[in-house]
Amino acid sequence: MRTGTENLPYGIYFGASQIRRELPGFSVSLLTPTLRAEDVPLHTHENASFVFVLSGAYRSGADGAAPVSFSPTLIFNPAGTVHRDSFVLADGRFLAVSISDHSLRVALDWAVLPTAAAAFTSGTGLSTALQLAQQCGAPGPADTDSMEAMCWELLSTQSGVRLWPGQPGNSLPSWTGRARELLHDRCSDALQITEMAQQLGVHPVYFARAFRQVFRCTPGEYRTRCRLRDALALMQNAGIPLSEIALRAGFFDQSHFSTSFRKHFGMAPRAYRIQRQRHVPSAEVQFIQEET
Numbered sequence: 001m002r003t004g005t006e007n008l009p010y011g012i013y014f015g016a017s018q019i020r021r022e023l024p025g026f027s028v029s030l031l032t033p034t035l036r037a038e039d040v041p042l043h044t045h046e047n048a049s050f051v052f053v054l055s056g057a058y059r060s061g062a063d064g065a066a067p068v069s070f071s072p073t074l075i076f077n078p079a080g081t082v083h084r085d086s087f088v089l090a091d092g093r094f095l096a097v098s099i100s101d102h103s104l105r106v107a108l109d110w111a112v113l114p115t116a117a118a119a120f121t122s123g124t125g126l127s128t129a130l131q132l133a134q135q136c137g138a139p140g141p142a143d144t145d146s147m148e149a150m151c152w153e154l155l156s157t158q159s160g161v162r163l164w165p166g167q168p169g170n171s172l173p174s175w176t177g178r179a180r181e182l183l184h185d186r187c188s189d190a191l192q193i194t195e196m197a198q199q200l201g202v203h204p205v206y207f208a209r210a211f212r213q214v215f216r217c218t219p220g221e222y223r224t225r226c227r228l229r230d231a232l233a234l235m236q237n238a239g240i241p242l243s244e245i246a247l248r249a250g251f252f253d254q255s256h257f258s259t260s261f262r263k264h265f266g267m268a269p270r271a272y273r274i275q276r277q278r279h280v281p282s283a284e285v286q287f288i289q290e291e292t
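1 is the number of the first residue of the sequence shown in the numbering used here; add one for each residue after it.
Right under this line is the structure:
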């Protein structure tokens, strides 16, 4: 680190944090800038990180960055990158993702990440970052399972490795069936991406990205569907309170259960239960397609 350069610790940026989510191996924040470009000092970050510019005019010295960007831009900064990236005015909004030393070591066991700051204005990384920002800012309890998977997906978009290592032609990975069984059998558990990947014998970066390619959702989203299936079965018994159903199905609390239920089925659990008791046809809910 150069003399006179400010070194920012894990999860800290020049901005006011609107929302901060601490995930296994990652710190994710939605922020607004607090300094104009001329007031931002030369600085580094102790950890590798992503910055996703959601709005505002942004200056970056990263490879591939425009002198001033006005459109969504994703920037990867290796740990210790000396820079002065900033918003032209103290106006805008951005997502910041700090990568823990442990997660970075795990990623580098399989992936090859950029060794210099790099900026991207198109590609799958932007769509993943946007989904992560939306998930981070969603009301109610944080879906940490899905957000953790998206962080690993972000790393995979920068790695440049093959999506299906060791797979001939268009064959699906051999572990997809076991992944489905694991999520069904342990849907009420708080399994981390690294734990699931280890049990399946694959790398977390590969697992997170390949899972979405196969099932069109994150492992966390798939697990939520499994929990909702269990909840629907329990709701057939009118004597079980919704609060108990929520806990037995693996949700944090009744509020978390209600939010997930409404998101998937377009109605609250209580309304669904009432309609079923009245034999209303619209009470027959449908899941998003999840089979391969």
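The C-beta atom is built at its ideal place from N, Cα and C for all residues, glycine as well.
- Item | 4 or more residues per run - each alpha helix (DSSP H) lying fully within the segment 189-267 | 193-200, 204-215, 219-234, 242-249 and 254-265
- Message: On the CB-based measure, 16 or more other CB atoms within 10 Å of its CB, does Thr-306 come out buried or exposed?
- Response: The structure shown has nothing for residue 306, since the chain only spans 1 to 292.
- Measuring alpha carbon to alpha carbon, tell me which of Val-51, Glu-22, Asn-47 and Thr-34 ends up nearest Ala-129. Translated into positions along the sequence shown, residue 129 becomes position 129. Residue Val-51 is the option with its Cα nearest to Ala-129.
- From Val-205 to Arg-229, what distance separates their C-alpha atoms? Counted from its first residue, the sequence shown places residue 205 at position 205. Counted from its first residue, the sequence shown places residue 229 at position 229. Each residue's alpha carbon lies about 28 Å from the other.
- Message: For the beta strand (DSSP E) containing His-43, name the first residue and the last one.
- Response: What you label residue 43 is simply residue 43 of the sequence shown in a count that begins at 1. Residues 43-45.
- Who are the Cβ neighbours of Phe-87 in its own chain at under 7 Å, not counting the five residues just before and after it? For the purposes of this step, residue 87 is identified with residue 87 of the sequence shown, where counting begins at 1. Contacts found: Pro-33, Ala-37, Gly-56, Ala-57 and Tyr-58.
- Would you check if there are 3 or more beta carbon pairs closer than 8 Å linking the segment 239-246 to the segment 142-149? no
- Query: Just to confirm, are Ser-49 and Leu-31 a CB contact at a threshold of 9 Å?
  - Reply: For this step, residue 49 is matched to residue 49 along the sequence shown. For this step, residue 31 is matched to residue 31 along the sequence shown. It is not a contact, given that the beta carbons lie outside the stated cut-off.
- Under 7 Å Cβ to Cβ from Leu-104, same chain only, skipping five residues before and after it: list those, please. Taking the sequence shown and counting its residues from 1, one reaches residue 104 at position 104. Taken in chain order, the residues that qualify are Ala-48.
- Compute the Euclidean distance between the alpha carbons of Phe-120 and His-184, then round it to the nearest angstrom. In the sequence shown, the residue the question calls residue 120 occupies position 120. In the sequence shown, the residue the question calls residue 184 occupies position 184. Each residue's alpha carbon lies about 36 Å from the other.
- Can you tell me the Cα-Cα spacing of Ile-245 and Met-235, whole angstroms? As a first step, residue 245 is located in the sequence shown; it is residue number 245 there, counting from the start. As a first step, residue 235 is located in the sequence shown; it is residue number 235 there, counting from the start. Roughly 7 Å between the two C-alpha positions.
- Message: Taking the straight line between their C-alpha atoms, what separation do you get for Phe-257 and Ser-60?
- Response: Mapped onto the sequence shown, residue 257 falls at position 257. Mapped onto the sequence shown, residue 60 falls at position 60. The alpha-carbon of Phe-257 is positioned some 42 Å away from that of Ser-60.
- Message: According to DSSP, simplified to helix, strand and coil, what is Tyr-58?
- Response: Counting from one through the sequence shown, the residue named residue 58 turns up at place 58. Strand, per DSSP.
- If you count every other CB in all the chains shown that lies within 10 Å of the CB of Pro-165, and 16 or more means buried, which is it? Stepping through the sequence shown from its first residue, residue 165 is reached at position 165. Its pLDDT being 47, under 50, Pro-165 is placed unreliably in this model, and the value from its coordinates should be taken loosely. Pro-165 should be labelled exposed.
- Query: Does DSSP classify Asp-63 as helix, strand or coil?
  - Reply: Counting from one through the sequence shown, the residue named residue 63 turns up at place 63. It is a strand residue.
- Query: In whole angstroms, what is the alpha-carbon distance linking Ala-96 and Leu-154?
  - Reply: Along the sequence shown, one-based indexing puts residue 96 at 96. Along the sequence shown, one-based indexing puts residue 154 at 154. For Ala-96 and Leu-154, the distance between alpha carbons rounds to 12 Å.
- Message: Does the contact criterion of 3 or more C-beta pairs under 8 Å hold for the segment 69-83 versus the segment 107-123?
- Response: yes
- If you scan the segment 82-158 from start to end, which runs of the beta strand (DSSP E) of 3 or more residues do you find wholly inside it? 93-99 and 118-120
- In the DSSP assignment, what are the bridge partners of Leu-183? Here the question's residue 183 lines up with position 183 in the sequence shown. Answer is none; Leu-183 lacks a bridge partner.
- Query: Taking Pro-67 as the reference, which of Gly-80, Arg-84 and Leu-54 has the closest Cα?
  - Reply: Residue numbering aside, residue 67 sits at position 67 when the sequence shown is read from its first letter. When only C-alpha atoms are compared, the closest one is Arg-84.
- Task: Could you tell me which of Gln-275, Asp-63, Phe-207 and Arg-248 sits nearest to Thr-176, measuring between CA atoms?
- Result: Looking up residue 176 in the sequence shown gives position 176. Among Gln-275, Asp-63, Phe-207 and Arg-248, the Cα nearest to that of Thr-176 belongs to Phe-207.
- Task: Could you tell me which residues DSSP puts in a beta bridge with Phe-76?
- Result: Position 76 of the sequence shown, counted from the first residue, corresponds to residue 76. According to DSSP, which records beta bridges pairwise, Phe-76 is partnered with Phe-50 and Ala-118.
- Query: Given Thr-5, which residues of its chain have a CB within under 7 Å of its CB, disregarding the five upstream and five downstream residues?
  - Reply: As a first step, residue 5 must be located in the sequence shown, where it is residue number 5. So the list reads Leu-42, His-43, Thr-44 and Val-82, once near-sequence residues are dropped.
- Grab the span of the beta strand (DSSP E) containing Ala-16 for me, first residue to last. As a first step, residue 16 is located in the sequence shown; it is residue number 16 there, counting from the start. From DSSP, the beta strand (DSSP E) with Ala-16 extends over 16-23.
- Exposure of Gln-158, with buried meaning 16 or more beta-carbon neighbours within 10 Å: As a first step, residue 158 must be located in the sequence shown, where it is residue number 158. It counts as buried.
- Query: Comparing alpha-carbon positions, which option in Tyr-13, Ala-249 and Gly-201 lies nearest Ser-231?
  - Reply: Against the sequence shown, residue 231 aligns to sequence position 231. Per the sequence shown, the amino acid found at residue 231 is Ala instead of Ser. Checked all of Tyr-13, Ala-249 and Gly-201; the closest Cα to Ala-231 is Ala-249.
- Message: Nearest by alpha-carbon distance to Ser-174: which of Glu-195, Val-214 and Thr-194 is it?
- Response: Mapped onto the sequence shown, residue 174 falls at position 174. Closest option to Ser-174, Cα to Cα, is Val-214.
- Query: Tell me which same chain residues have a C-beta within less than 7 Å of the C-beta of Leu-54, skipping the five on either side of it?
  - Reply: Against the sequence shown, residue 54 aligns to sequence position 54. Closer than 7 Å at Cβ, skipping near neighbours: Pro-72, Arg-93, Phe-94, Leu-95 and Ala-133.
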